[in-house]
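Visitor:
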Amino acid sequence: MNPFRLSLAAAACLVLAGCLTPSPTPLPTAPLPYAETVRVDAKPLPLDPRNPATDRIGDFIFAGAVDLTSQDTSRFHGFSDLKIIGDRLYSVGDDGAEALEARLKLGPDGKIAGLTGARLAPLIGEDGKPLQSKEETDAEGLAILPGGDKLYSFERDHRILRYPAAGGPPVRAPIPPVKMPNNEGMEGLAPARKVGRDAYWVGIEDGQIWLCRLSADCRKIEGLPAPPSGYRLSGMTETQGGDLVLLHHRFERLSNQSHIDVSVVRDPLVRPRVVGRFRLDSPMTVDNFEGVDVVAAPGGRQRFYFLVDDNFLASEATILMAFDWMPPK
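So for the sequence shown, numbering that gives the first Met the number 0 puts the first residue at 0; every next one is plus one.
Right, here's the structure in full:
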């Protein structure tokens, strides 16, 4: 074929293709705010998929569970802890150190219905700039002190950063003086309100529990429940009455099954004793639960909230689950 005629034919094909190709969606005229509110969809889940009528595990009454997803961002994953104040839920991601804040939505029956007004924002470092590398951003624990300061614990580069309630760059807080493996560090954080406004609990993955203060060094607390065989400490919190709640998790790789063991410890500093306990095993709705918090519920009950870290994996899910429990006198 004549090269000139070939060029004309090619040009005609390009013109025709351009006519048939849909116009691309125009780009935003300005950058979108990173902390833009994102929509979170919530799919209800049963406690036991085999028997959806199951509503309790021992004395712990099921108060709903939802599978949380968002089409607005690819970053709604990997949440490692949670704390709840009023109707506000706070969490943090362990891949990018992104802080989540959202309104907790309950249904007419008082059970979990989902989240609204969710916002994601990157944590800044001591230099005032967003944290960057995985070594810097592997956040695992969150505690909110009575004055509003937030504490975040990090693995790999093992440290606790305190973010002032008034804003501004964080400063380092005391941590347990022990050597921790690269990816097995401070999984649990919780305020120790009975001890002082600047006091906080630190739980290490191997089960060690430490009591720290902003104004003093940390000290190890003995006599508390150790993780059952094959389990690791994945979260902790303190109830308003001062009980310590320990969340232990076990994952079986061959069967791809998760298990959790939850203990409620009365008088953890004086005469520790377990006053409440339950286990959640596959094939019930259970996954890599890493976050736990407890708030007051009507009638003197306590509501336990649990959050799954889905590790950015399609085989896992960001599940928020709740149970109601009446603590013993």
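Heads up, the beta-carbon is just placed ideally off N, CA and C, and yes, glycines get one too. Given the structure is predicted, the values throughout are model-derived calculations rather than measurements.
Would you be able to state if there are at least three C-beta pairs under 8 Å between the stretch 79-96 and the stretch 301-309?
Guide: They touch, by the three-pair rule.
Visitor: Per DSSP, what are the beta-bridge partners of F75 in this structure?
Guide: Partner(s): none; F75 has no beta bridge.
Visitor: Just list the alpha helix (DSSP H) runs in the stretch 154-184, keeping only unbroken ones of 4 residues or longer that don't cross its boundaries, in chain order.
Guide: none
Visitor: Helix, strand or coil: which one does DSSP assign to G298?
Guide: Assignment of G298 by DSSP, reduced to helix, strand and coil, places it in the helix class.
Visitor: Could you give the DSSP three-state label for E186: helix, strand or coil?
Guide: strand
Visitor: Since I believe M320 is in contact with A64 (beta carbons under 8 Å), could you give me their beta-carbon distance rounded to a whole number of angstroms?
Guide: 4 Å
Visitor: Among L188, L243 and S79, which has the Cα closest to the Cα of R272?
Guide: L243
Visitor: Is it buried or exposed, P25, if we count other Cβ atoms within 10 angstroms and call 16 or more buried?
Guide: Its pLDDT being 39, under 50, P25 is placed unreliably by the model, and the measurement read from it follows with that caveat. It is exposed - the Cβ of P25 has fewer than 16 other Cβ atoms within 10 Å.
Visitor: Thinking C-alpha only, which one of R87, G92 and A120 is nearest K104?
Guide: It is R87 whose Cα lies nearest to the Cα of K104.
Visitor: Quick check: the Cα distance between A198 and A191, rounded to an integer number of angstroms?
Guide: 5 Å
Visitor: Grab the span of the beta strand (DSSP E) containing E97 for me, first residue to last.
Guide: Counting along the chain, the beta strand (DSSP E) containing E97 begins and ends at E97 to L105.
Visitor: To the nearest angstrom, how far is the alpha carbon of L141 from that of D148?
Guide: 11 Å
Visitor: Go ahead and pull the three-state DSSP assignment for E237.
Guide: strand
Visitor: Less than 8 Å between C-beta atoms, sequence neighbours within five positions excluded: which residues of the same chain meet that for R171?
Guide: Within its own chain, the residues whose Cβ lies closer than 8 Å to the Cβ of R171, once the five positions on either side in sequence are excluded, are E125, R158, I159, L160 and R161, listed in chain order.
Visitor: Could you give the uninterrupted runs of the alpha helix (DSSP H) lying entirely in the stretch 111-138, keeping only those of 4 residues or more?
Guide: 133-136
Visitor: Could you tell me the alpha carbon to alpha carbon distance between I111 and R155, rounded to whole angstroms?
Guide: 34 Å
Visitor: When the Cα of A164 is compared with those of P175, I143 and E315, which residue comes out closest?
Guide: I143
Visitor: If you reduce the DSSP assignment to three classes, tell me which class A215 lands in.
Guide: strand
Visitor: What is the DSSP secondary structure of I220, counted as helix, strand or coil?
Guide: coil
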